[in-house]
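Since the structure comes first, as structure tokens, the remarks are kept for the end.
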Amino acid sequence: MLGKKFYALSIIFLILAIGLSYKYEEIEAAETVDNHLQWLQKIDRIYRIVDKVYVDEVESDKLMKGAVDGFLKELDPHSYYITPEKQKEVDEDFNGEFGGIGIEFEIKDKYLTVVTPIPGTPSDALGIQPGDKIVKIDDETAFDITTQEVFKRLKGPIGTEVKIGVSRSGVDKILDYVIKRAAIPVRSVVAKCMVDDITGFVKINRFAMKTAQELRESLEFLKSQGMERLILDLRGNPGGLMDQAIEVVDMFIGGNKKIVYTKGRLSQFDEEYYSTDSKNDLTDIPIVILIDAGSASASEIVSGALQDYDRAYIVGTKSFGKGLVQRPFPLGDGSVVRVTIARYYTPTGRLIQRPYDKGVMSYYLDRYKDEDSLSEKEKFKRDSLKKANTFYTLKRKRIVYGGGGITPDSIVTYDPTPNLVQDLIRKSVLNELAIEFYQSHKNSNEKWVKDFNTFLNEFEVTDELIESTKEHAEKNRVFLVEEVTEDMSKNKKKIYYTFKDFEDAKDIISQDIKEFIAKQLFNDITLYPTVRFKEDKHVKYAFDLFNKAEELID
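Going by our numbering, the sequence shown opens with residue 350, and the numbers climb by one from there.
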């Protein structure tokens, strides 16, 4: 049995070793293949020795996956193997819909707890409420359920039914629901609104199958509200489908212009992608784009192209620098290997990919390195690299920089979120507080309960709510003390902060409480992120820099 499994591993190695030539023209010379076969024989012998004499029983599947992962890790940070189960999730994710009941959830004290029903889904239609605990799924207990089990038991073919039992605060009995699974939209545009009379704001959190369509619809809506200029927020957007990034750029530049191109070792992977000749009424609207170290891949295609054509003014911090093109190669059992076949370049010829020669760990951590923490030697090296990677925009001939990632036109650093606030969010303290507030105010006659703009402008977080945060924190093992002792800091079950920590973070906590409450009251993902606009440092800078964006298109 183990021999057969290892034979399958050898086949995978062989496919990778000869460049997956089963699908493309022959890549490797015969003598190179012979050398690979010798290595496979050596690996086979090592495996058999380990299987026979190793001190513990060998888990062959785990060992083989580790071998494949190690093999691909030597290439670059973005070539990897995907199991059949994971690939199924990836397919559902990028298709933008799956069969489910439509809830955001968390596992709280071992209970499957509803954070909020997703608007327009079966759960929303049947009246599932924030804070509901799902205690049964198809008459089987859901207590102590894992996240993976939740997806397995609640997801299914569209049109099929699932029965859930719900425990609701203030209701003595278990409420039974029979929910027909439906296609659940997975949105890319997670915020759209008018910030003032002429400024529209759109946040895209990833590039999936319908991103361009969602953006186009959002912009049409904002234009109907009077939008004359746009803030496009790509912060934290890890990328996704390249064709959607190309469509997004196409909306703003018009003409027959090169948006991005790829170059690989093999010419068959060299591609150039152009905008269409169709007229677009968005080509003259001033744009400020927000990016950060979490903006990657497709986000960098968009921001890089619009910067190169002097079509948008870029604000924030340097983007991630993920510019490698992967192609999925199916392995016959539902699993897939994604192999890097080319690199992305912006229209001016800037390489998007950041160097990864220092290893994977350094590659992922260095993107957050603070400018102030750089040594003089590192700064000199950085400045030298900048000079060697200087490019000029295609219209205004402004200087832009290559060397990996997209460097903003105006760099605006981030104020890190205090650890206390991170823990209040991670331990569901603020979410619990918001659910409790929602349940006690959902039937209130206050205008801000029903009208988002009134809520945005008039609702204020009271001192009473702030104090209630402390009570909810203690229930979730986050304690406030005068001084955190050494023994307290070593406690694995409880988290301690000082009262001063809380006072210093009070304004941020208040803003987060308001956002969490908005999420419960209005249940619209395109609204509640806008609550924090007044405190968003980058949005504030965007307003000050619109004159720069306007100069680009004059």
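C-beta atoms are modelled at their ideal positions from N, C-alpha and C, and glycine is treated no differently.
Between which two residues does the beta strand (DSSP E) containing residue i stretch?
i: threonine 818; result: It is not in any beta strand (DSSP E) - threonine 818 instead sits in the alpha helix (DSSP H) that spans 812–824.
i: lysine 422; result: From DSSP, lysine 422 is part of no beta strand (DSSP E) but of the alpha helix (DSSP H) over 409–422.
i: arginine 578; result: 578–582
i: glutamine 675; result: 673–679
i: isoleucine 748; result: 748–750
i: tyrosine 623; result: 620–623
i: valine 538; result: 538–543
i: phenylalanine 740; result: 739–741
i: isoleucine 690; result: 685–694
i: tyrosine 763; result: No beta strand (DSSP E) contains tyrosine 763, which DSSP labels as neither H nor E.
i: isoleucine 452; result: 452–457
When you compare only the Cα positions, how much space is there between residue i and residue j?
i: asparagine 896; j: lysine 552; result: 21 Å
i: lysine 886; j: leucine 773; result: 22 Å
i: threonine 632; j: isoleucine 701; result: 24 Å
i: valine 651; j: asparagine 738; result: 20 Å
i: serine 398; j: methionine 413; result: At residue 398 the sequence reads isoleucine, which differs from the serine that was named. Roughly 14 Å between the two C-alpha positions.
i: alanine 474; j: isoleucine 857; result: 34 Å
i: phenylalanine 892; j: arginine 578; result: 10 Å
i: glutamine 656; j: threonine 742; result: 7 Å
i: tyrosine 845; j: aspartate 758; result: 41 Å
i: arginine 692; j: histidine 821; result: 49 Å
i: isoleucine 528; j: threonine 811; result: 38 Å
i: arginine 517; j: lysine 422; result: 48 Å
i: leucine 680; j: phenylalanine 618; result: 20 Å
i: leucine 503; j: threonine 762; result: 41 Å
i: valine 609; j: proline 704; result: 19 Å
i: glutamate 900; j: tyrosine 694; result: 26 Å
i: valine 566; j: asparagine 840; result: Correcting the residue type first, residue 566 is glutamate in the shown sequence and not valine. If you take the alpha carbons of glutamate 566 and asparagine 840, they lie about 51 Å apart.
i: glutamine 675; j: glutamine 436; result: 15 Å
i: aspartate 630; j: phenylalanine 556; result: 22 Å
i: leucine 524; j: glycine 683; result: 39 Å
i: aspartate 853; j: phenylalanine 804; result: 25 Å
i: valine 439; j: aspartate 425; result: 21 Å
i: histidine 790; j: valine 520; result: 17 Å
i: valine 407; j: aspartate 400; result: 6 Å
i: asparagine 792; j: leucine 870; result: 10 Å
i: valine 888; j: isoleucine 580; result: 8 Å
i: glutamate 489; j: lysine 522; result: 17 Å
Taking residue i as part of the alpha helix (DSSP H), name the residues at either end of that continuous run.
i: leucine 475; result: 471–475
i: alanine 654; result: 647–657
i: arginine 775; result: 768–775
i: valine 499; result: 496–503
i: isoleucine 862; result: 855–871
i: arginine 565; result: 560–573
i: alanine 594; result: 591–602
i: phenylalanine 955; result: This structure gives no information on residue 955, because the portion of the chain shown stretches from 350 to 903.
i: valine 888; result: 886–893
I'd like the list of long-range same chain contacts for residue i, defined as Cβ closer than 8 Å, with 5 residues on each side in sequence excluded.
i: lysine 730; result: Only weak support is given to the placement of lysine 730: the predicted model assigns it a pLDDT of 46, under 50, and the value that follows is read from those uncertain coordinates. Cβ neighbours of lysine 730 beyond the five flanking positions: none.
i: aspartate 418; result: Tyr429, Tyr430
i: lysine 819; result: Leu829, Phe851
i: glycine 575; result: Met543, Asp546, Ile547
i: isoleucine 507; result: Gly448, Arg530, Ala531, Ala532
i: proline 904; result: No statement about residue 904 is possible, as the shown extent of the chain runs from 350 to 903 and does not include it.
Which whole-angstrom value is the C-beta distance of residue i and residue j, which I expect to be below 8 Å?
i: proline 479; j: serine 472; result: Contact flag wrong, Cβ pair sits at about 11 Å.
i: tyrosine 658; j: proline 696; result: 7 Å
i: threonine 879; j: alanine 540; result: 6 Å
i: isoleucine 513; j: lysine 485; result: 6 Å
i: glycine 754; j: serine 668; result: 4 Å
i: alanine 642; j: threonine 666; result: 6 Å
i: lysine 843; j: arginine 826; result: 5 Å
For residue i, collect the residues of the same chain with a Cβ closer than 7 Å to its Cβ; drop the 5 residues on either side in sequence, then sort them by chain order.
i: arginine 881; result: Gln860, Glu864
i: valine 499; result: Phe454, Leu461
i: leucine 583; result: Ile553, Ile638, Leu639, Ile640, Ser644, Ser648, Val651, Ser652
i: methionine 591; result: Ala647, Ile650
i: lysine 796; result: Thr803
In chain order, what residues of the same chain lie with their CB nearer than 6 Å to the CB of residue i, ignoring the 5 residues before and after it?
i: glutamate 453; result: Val464, Thr465
i: glutamate 809; result: none
i: threonine 560; result: Ser537, Gln593
i: isoleucine 866; result: Ala783, Phe786
i: glutamate 596; result: Ala561
i: leucine 571; result: Gly549
i: lysine 671; result: Ala645, Ser646
i: arginine 699; result: Phe740, Gly751
Check whether the Cβ of residue i lies closer than 8 Å to any Cβ atom in chain C.
i: phenylalanine 678; result: Absent here is chain C; the protein component of the structure consists of one chain.
Quick one: is the Cβ of residue i within less than 7 Å of any heavy atom of the ligand ADP?
i: leucine 814; result: As far as ligands go, the structure on display features none, and thus does not contain the ligand ADP.
Between the segment 597–615 and the segment 527–534, do three or more beta carbon pairs fall short of 8 Å? no
Three or more C-beta pairs under 8 Å: does that hold for the segment 797–805 against the segment 831–849? no
Just checking, does the segment 631–650 make contact with the segment 386–398 on the three C-beta pairs under 8 Å criterion? no
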